[in-house]
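Positions -2 to 335 (this note's numbering) are the ones given, in order, by the sequence shown.
As structure tokens, the structure follows; a few thoughts come after it.
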Amino acid sequence: MSRFYDVEPSLDNYWRSIILFGNNVASYKFALACSLYELANSSNDFISLEQLAGPFSRHICEHLKEAPKQTTAKSSRFLATCTDFNLGKVDQDYLCAQTVRLGFQNVIDAFHNVNRREVGERFFMDERKMANKGIRLTDNFYTLMASQAINSIKPETNARWRLVESAWQLGVSKNLMEHDHDSKQLFTRLNDRRVNITSSRDSLNGYQKGRCFYCFGHITIESGKSDLADVDHFFPWVIREHVPAINGIWNLVLACQSCNRGENGKFTQLPHIDYLDRLHARNEYFINSHLPIRETLMQQTGKTEALRRAFLQSSYNQAKVQLLHSWKKPEPRGFMNF
Ligand SMILES: [Zn+2]
-2 MSRFYDVEPS
8 LDNYWRSIIL
18 FGNNVASYKF
28 ALACSLYELA
38 NSSNDFISLE
48 QLAGPFSRHI
58 CEHLKEAPKQ
68 TTAKSSRFLA
78 TCTDFNLGKV
88 DQDYLCAQTV
98 RLGFQNVIDA
108 FHNVNRREVG
118 ERFFMDERKM
128 ANKGIRLTDN
138 FYTLMASQAI
148 NSIKPETNAR
158 WRLVESAWQL
168 GVSKNLMEHD
178 HDSKQLFTRL
188 NDRRVNITSS
198 RDSLNGYQKG
208 RCFYCFGHIT
218 IESGKSDLAD
228 VDHFFPWVIR
238 EHVPAINGIW
248 NLVLACQSCN
258 RGENGKFTQL
268 PHIDYLDRLH
278 ARNEYFINSH
288 LPIRETLMQQ
298 TGKTEALRRA
308 FLQSSYNQAK
318 VQLLHSWKKP
328 EPRGFMNF
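Right, dumping it as structure tokens:
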């Protein structure tokens, strides 16, 4: 069980644990989440399956255009219908009718499950056994939608969806993800070609709960905001010849602009050894997340916790020899566990 909601059991943490963790067999959970974001403004807390079918199938159809593999199953009648719709073979009414019949079979039951257990808070109730079949949004859901965090959670959901479907589509677990310094995108290599997956910033933020890695100050991933997070290489990129896989997600953290490049900021310095434990804890936290983050991390830094710890220590030793001294944020604002 992840430590997510033991440490900081706020509603956005529950929601993030649903979106970011758990072993997906199909992308329906993401489609349901994206649909609920849209339906939050509807006048009634009851959402019929017909109402849900519109946005739900639209999100799936859109993603199918980019990534034809949306499930680990060999075939799916529902996804086949979505593909037919994209090809113009069936119309909107038929798509929606089939979505009501086939699209929600597992996702409504399983949505709140993380690591085989239901999380402690519900965002909707299942009313499919009632005369009027649908789901009923809870106060939790409306509280979440009114929170500041939701502005980051929406792009995080899409980034997580892109990671998972890319892993299925491109075999990212074999080809590994890297971070591109200029575009700030995670990408993988396919036959020597670079394929962009999704924004590094959006992928990382949920795992840091919207906080700066170094000072725990609030950060955002909303473009155009003044407190937009920087994607920081923990081991600075300047020593890339001395640290393996320096563009790997294991070495990427989100930092506030002040820590990264403000007065007394980190810039290209090596973080103090005290931060190394935090990086290790953060990376072990990543390990709870399934394909492709866990697989990439294990291949780049080690299959066991002990090996990953040793990898960080040896990288630190290499870096220290190159950079000689280390950086520490003056007067940390607080304490938070990963
Ligand atoms: Zn900071």
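No residue lacks a Cβ here, since even glycine has one placed at the ideal position from N, Cα and C.
Excluding the five sequence neighbours on either side, which residues of its own chain have a C-beta within less than 6 Å of the C-beta of residue i, listed in chain order?
| i | result |
| --- | --- |
| Q166 | A64 and K66 |
| G203 | R13, L17 and E153 |
| E35 | P52 |
| L99 | R74 and F75 |
| I236 | A316 and Q319 |
| L267 | A316, L320 and S323 |
| F335 | With a pLDDT of 48 at F335, under the threshold of 50, the predicted position of this residue should be treated as unreliable, and no value is reported. |
| P233 | T265 |
| Y211 | A252, C256 and K326 |
| R0 | Note on R0: pLDDT 47, under 50, position unreliable in the model; no value is reported. |
| Q297 | A242, G245 and W247 |
Excluding sequence positions up to five away, which residues of its chain have a Cβ less than 7 Å from the Cβ of residue i?
| i | result |
| --- | --- |
| E162 | S24, H60, A64, K66 and Q67 |
| S7 | none |
| A28 | F53, H56 and I57 |
| L156 | The displayed chain sequence assigns Ala, not Leu, to residue 156. Hits under 7 Å: T195, S196, D199 and S200. |
| D3 | Note on D3: pLDDT 46, under 50, position unreliable in the model; no value is reported. |
Let me check understanding here. Comparing Cα to Cα, which of the options lies closest to residue i?
| i | options | result |
| --- | --- | --- |
| F120 | A128, N148, D42 and R190 | D42 |
| G259 | K325, V235, R237 and F308 | K325 |
| R125 | E115, G19, I105 and V111 | I105 |
| K62 | S45, C212, T69 and F82 | F82 |
| F213 | C256, P268 and N112 | C256 |
| S311 | T265, H239 and M142 | H239 |
| A303 | L187, L321, H277 and H287 | H277 |
| R275 | L288, T301, R306 and S286 | R306 |
| R159 | C31, T140, F138 and D179 | C31 |
| L92 | H176, S149, P327 and C79 | C79 |
| Y139 | S180, D88, I270 and N38 | N38 |
| V22 | H176, K222, H287 and S180 | H287 |
| P327 | S170, H269 and V192 | H269 |
| I15 | N112, P241 and R133 | N112 |
| H178 | S40, V228 and K300 | V228 |
| N137 | M122, E175, S220 and S72 | M122 |
Beta carbon of residue i, beta carbon of residue j: below 9 Å?
| i | j | result |
| --- | --- | --- |
| G131 | Q48 | yes |
| N110 | G19 | yes |
| V250 | F231 | yes |
| A77 | K26 | no |
| L187 | N172 | yes |
| A146 | G85 | no |
| Y11 | V116 | yes |
| L33 | V97 | no |
| L134 | I44 | yes |
| S170 | I218 | no |
Please go through the same chain and pick out, in chain order, the residues whose beta-carbon is closer than 8 Å to the beta-carbon of residue i, but skip the five residues on each side of it.
| i | result |
| --- | --- |
| F283 | Y204, I246, W247, I290, R291 and L294 |
| S144 | L8 and D9 |
Just reading off the beta strand (DSSP E) that residue i is part of, what are its end residues?
| i | result |
| --- | --- |
| F18 | First-last for F18: undefined, no H or E at that position. |
| F108 | From DSSP, F108 is part of no beta strand (DSSP E); its letter is neither H nor E. |
| S196 | R190 to S196 |
For residue i and chain B, any beta-carbon pair shorter than 9 Å?
| i | result |
| --- | --- |
| N103 | Given the protein chain composition of this structure (a single chain), no chain B is represented. |
At a cut-off of 8 Å, would you count residue i as near ligand 2, judging by its Cβ distance to the nearest heavy atom?
| i | result |
| --- | --- |
| F213 | In terms of ligand content, the structure shown lacks ligand 2 and carries ligand 1 instead. |
Which residue marks the beginning of the alpha helix (DSSP H) containing residue i, and which one marks its end?
| i | result |
| --- | --- |
| H60 | L46 to E63 |
| H230 | That residue, H230, is in no alpha helix (DSSP H); its beta strand (DSSP E) goes D227 to H230. |
| I150 | I147 to L167 |
| F338 | Because the chain is modelled from -2 through 335, residue 338 falls outside the range shown and cannot be assessed. |
| I132 | Careful: I132 lies outside any alpha helix (DSSP H), inside the beta strand (DSSP E) at G131 to L134. |
| D42 | Taken as a continuous stretch (DSSP letters only), D42 belongs to no alpha helix (DSSP H), as it is neither H nor E. |
(request) Check whether the segment 293 to 307 touches the segment 241 to 249, counting contact only when three or more Cβ pairs, one atom from each stretch, lie closer than 8 Å. (result) yes
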